[in-house]
Amino acid sequence: MGRIYVIGHVNPDTDSIAAAMGYAWLLRERDGTDAQAARAGSLNPQSIWVLRKLGLESPLLLNDASPRFEAVVRRLDTAAPDRPLRDAWTIANRTWGVAPVVNADGTPYGLVTGASLFGFISHMVGNHPRRQEMRLAEILEMPCRDACDTQAARFQLGGRIRDSLSRILRQEGDDFLVVNEQGYYVGVCRQRDALNPPRLKLILVDHNEPGQALGSLEEAELLEVLDHHRLGNASTHIPIRFTVDIVGSTSTLISERIEEAGLSAPPPIAGLLLAGCLSDTLRLTSPTTTDRDRSAVERLGRWALAKGSPIEDLTINSYGEQVLNAGSGLAARNPQEVVNSDLKLYEAGGFRFAIAQVEVTDLLQLDEHRQELSAALKDLRDRNGLDFAILMVTDVVRGSSRLLLTNEPPKLMDIPYPPLPDGSRLAEGVVSRKKQLLPVVLGLLES
Ligand SMILES: [Mn+2]
Numbered sequence: 002m003g004r005i006y007v008i009g010h011v012n013p014d015t016d017s018i019a020a021a022m023g024y025a026w027l028l029r030e031r032d033g034t035d036a037q038a039a040r041a042g043s044l045n046p047q048s049i050w051v052l053r054k055l056g057l058e059s060p061l062l063l064n065d066a067s068p069r070f071e072a073v074v075r076r077l078d079t080a081a082p083d084r085p086l087r088d089a090w091t092i093a094n095r096t097w098g099v100a101p102v103v104n105a106d107g108t109p110y111g112l113v114t115g116a117s118l119f120g121f122i123s124h125m126v127g128n129h130p131r132r133q134e135m136r137l138a139e140i141l142e143m144p145c146r147d148a149c150d151t152q153a154a155r156f157q158l159g160g161r162i163r164d165s166l167s168r169i170l171r172q173e174g175d176d177f178l179v180v181n182e183q184g185y186y187v188g189v190c191r192q193r194d195a196l197n198p199p200r201l202k203l204i205l206v207d208h209n210e211p212g213q214a215l216g217s218l219e220e221a222e223l224l225e226v227l228d229h230h231r232l233g234n235a236s237t238h239i240p241i242r243f244t245v246d247i248v249g250s251t252s253t254l255i256s257e258r259i260e261e262a263g264l265s266a267p268p269p270i271a272g273l274l275l276a277g278c279l280s281d282t283l284r285l286t287s288p289t290t291t292d293r294d295r296s297a298v299e300r301l302g303r304w305a306l307a308k309g310s311p312i313e314d315l316t317i318n319s320y321g322e323q324v325l326n327a328g329s330g331l332a333a334r335n336p337q338e339v340v341n342s343d344l345k346l347y348e349a350g351g352f353r354f355a356i357a358q359v360e361v362t363d364l365l366q367l368d369e370h371r372q373e374l375s376a377a378l379k380d381l382r383d384r385n386g387l388d389f390a391i392l393m394v395t396d397v398v399r400g401s402s403r404l405l406l407t408n409e410p411p412k413l414m415d416i417p418y419p420p421l422p423d424g425s426r427l428a429e430g431v432v433s434r435k436k437q438l439l440p441v442v443l444g445l446l447e448s
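Position 88, counted from 1, in the sequence shown is what this note's numbering calls 89; the numbers after and before it change by one each time, with no gaps.
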């Protein structure tokens, strides 16, 4: 069957990412299919936050379904330019009569083909009858470089075949070199394969209109559509499985299929689908919400919040709140909400203090909101009768934090994070309150 890509719409939202990853997981788990989740554009801040929180890798970026050279490349063994032609001869006998010759630095030198070999021999022998007595063994001792076609076309592994069609057709030879982005040898491609490449197998989730799909959809082989939007679907040559249902999220449909298979998604995948559903239905408050979405949230919550899950200490409500907040950055939220939404109180060394944390996808946001956040932090300290308070603004993309401190005691002067001109501190590589920041603060307070 080969690899199948499961992909959502362009400008992907969290439901699109979740449905692609959730369905790819189900196809692998239930059917043993080689299904890979993909995305048709950059992740939005909410999806970045959710994937980070759950410890999941971002799905593969796939902007365009047009076949690329990687679909037709054959990774043939190589000979070195200075090695005897015998080496290339051995390889050519095992392939279709072609041997790539590659320099010591990994760049291709050329191809030994039937035509190049014939050209070489006729050049050696010419029309001298005496030289026709030359033995094959002598010829095979000559260096590969002498019998190479160095003019063979080179194509980029990731390049679209369609964009190179006229060059492919104009080529003298039938075999081409395929190189990676750095220009290093990857393999060889035959003209006939390039002219008839296998189509990319696609399953569309969370959309069905070609206008919302990745580019060159018409060049792909569409296997299935699973969606909850209005119809505007592409036509196909053969019947496909097509599901469009009136529910609040595609994640709901995926969770139903997982349940129907008698399976339960592992906590990170369930947490991702839960985020997709909560985000599309605005925590089940949007008018698109149905009873099936409510059941899905219950079911996904059961799987996602299990012991040992990355979000085991949250509830459906608190998780949903964080998911929706993660989409908005600092700008869309009032400072009181930012400092209060993820707040922990501590006592140590005779001090009572708070550490609040907020996750952003870009620390530059902090510069615009620093003053009002500092004011909200002071206010929080006063109202809770604390000695001091810290706000940890964590960049979940780059994995660093900046700290705002208010009324910190002299003992914290030695905190090992350099102060910036605006008075905040830069905690490079620090993302965990529990495991990184708190032990440092406790160490100083109790010293
Ligand atoms: Mn959706």
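Just so you know, even glycine gets a beta-carbon here, dropped at the ideal spot from N, CA and C. In this text, all values refer to a predicted model and were calculated from it rather than measured experimentally.
How many whole angstroms separate the CB atoms of residue i and residue j, which I take to be in contact at a CB cut-off of 8 Å?
| i | j | result |
| --- | --- | --- |
| Thr-251 | Leu-227 | 6 Å |
| Gln-337 | Met-393 | With 8 Å as the limit, Gln-337 and Met-393 do not qualify as a contact, their Cβ atoms being about 17 Å apart. |
| Ile-247 | His-229 | 7 Å |
Between which two residues does the beta strand (DSSP E) holding residue i run?
| i | result |
| --- | --- |
| Val-180 | 176-180 |
| Tyr-24 | That residue, Tyr-24, is in no beta strand (DSSP E); its alpha helix (DSSP H) goes 15-32. |
| Arg-258 | First-last for Arg-258: 251-261, but that is the alpha helix (DSSP H), not the beta strand (DSSP E). |
| Ala-428 | 426-428 |
| Ala-39 | 36-40 |
For the candidate residues the options, whose alpha-carbon lies nearest to that of residue i?
| i | options | result |
| --- | --- | --- |
| Asp-35 | Gly-42, Trp-26 and Ser-43 | Trp-26 |
| Gln-47 | Ser-280, Gly-216, Ala-266 and Leu-439 | Ser-280 |
| Glu-225 | Val-245, Gln-213, Leu-215 and Tyr-186 | Val-245 |
| Asn-45 | Pro-60, Gln-37 and Phe-70 | Pro-60 |
| Ile-49 | Leu-273, Ser-236 and Asn-385 | Leu-273 |
| Ala-38 | Pro-13, Gly-328 and Lys-54 | Pro-13 |
| Ala-355 | Leu-344, Leu-365, Thr-362 and Leu-158 | Leu-344 |
| Val-442 | Gly-277, Asn-341, Leu-137 and Lys-412 | Lys-412 |
| Met-22 | Thr-362, Leu-112 and Ala-276 | Ala-276 |
| Leu-158 | Ala-271, Ala-138, Pro-417 and Val-187 | Val-187 |
| Leu-86 | Glu-139, Gly-263 and Met-135 | Glu-139 |
| Leu-218 | Cys-278, Ser-425, Asp-65 and Arg-40 | Asp-65 |
| Asn-326 | Leu-283, Pro-311, Arg-303 and Glu-299 | Leu-283 |
| Gly-263 | Glu-30, Pro-422 and Asp-383 | Glu-30 |
| Pro-440 | Tyr-347, Arg-384, Thr-395 and Leu-55 | Tyr-347 |
| Ala-153 | Ser-165, Asp-176 and Arg-384 | Asp-176 |
| Arg-40 | Leu-196, Gly-174, Phe-121 and Ala-214 | Ala-214 |
| Asp-32 | Gly-56, Ile-5, Arg-53 and Ala-20 | Ile-5 |
| Pro-422 | Asp-368, Asp-396 and Ser-287 | Asp-368 |
Is residue i close to ligand 1? I mean its beta-carbon at under 7 Å from any heavy atom of the ligand.
| i | result |
| --- | --- |
| Ser-290 | According to the sequence shown, residue 290 is Thr rather than Ser. Not under cutoff, so the answer is no. |
| Thr-251 | yes |
| Asp-207 | yes |
| Asp-363 | no |
| Ser-17 | yes |
| Asp-281 | yes |
| His-238 | no |
| His-370 | no |
Name the two residues that bound the continuous alpha helix (DSSP H) containing residue i.
| i | result |
| --- | --- |
| Val-324 | 317-327 |
| Val-442 | 439-446 |
| Val-245 | No alpha helix (DSSP H) contains Val-245, which is instead part of the beta strand (DSSP E) from 242-245. |
| Ile-140 | 137-141 |
| Arg-293 | 292-305 |
| Leu-331 | Segment: none, Leu-331 is in no alpha helix (DSSP H) and carries neither H nor E. |
| Ile-5 | Per DSSP, Ile-5 belongs to no alpha helix (DSSP H); it is in the beta strand (DSSP E), 5-8. |
| Cys-278 | 268-281 |
(message) Threshold first: 4 residues or longer. Then list the alpha helix (DSSP H) segments lying entirely within the segment 47-133, N to C.
(response) 86-95 and 115-126
(request) At 3 residues or longer, and completely inside the segment 335-402: list those beta strand (DSSP E) runs for me, N to C. (result) 344-349, 352-361 and 389-396
(request) Could you tell me which uninterrupted alpha helix (DSSP H) segments, each at least 4 residues in length, are contained entirely in the segment 149-229, listed from first to last along the chain? (result) 166-171 and 192-196
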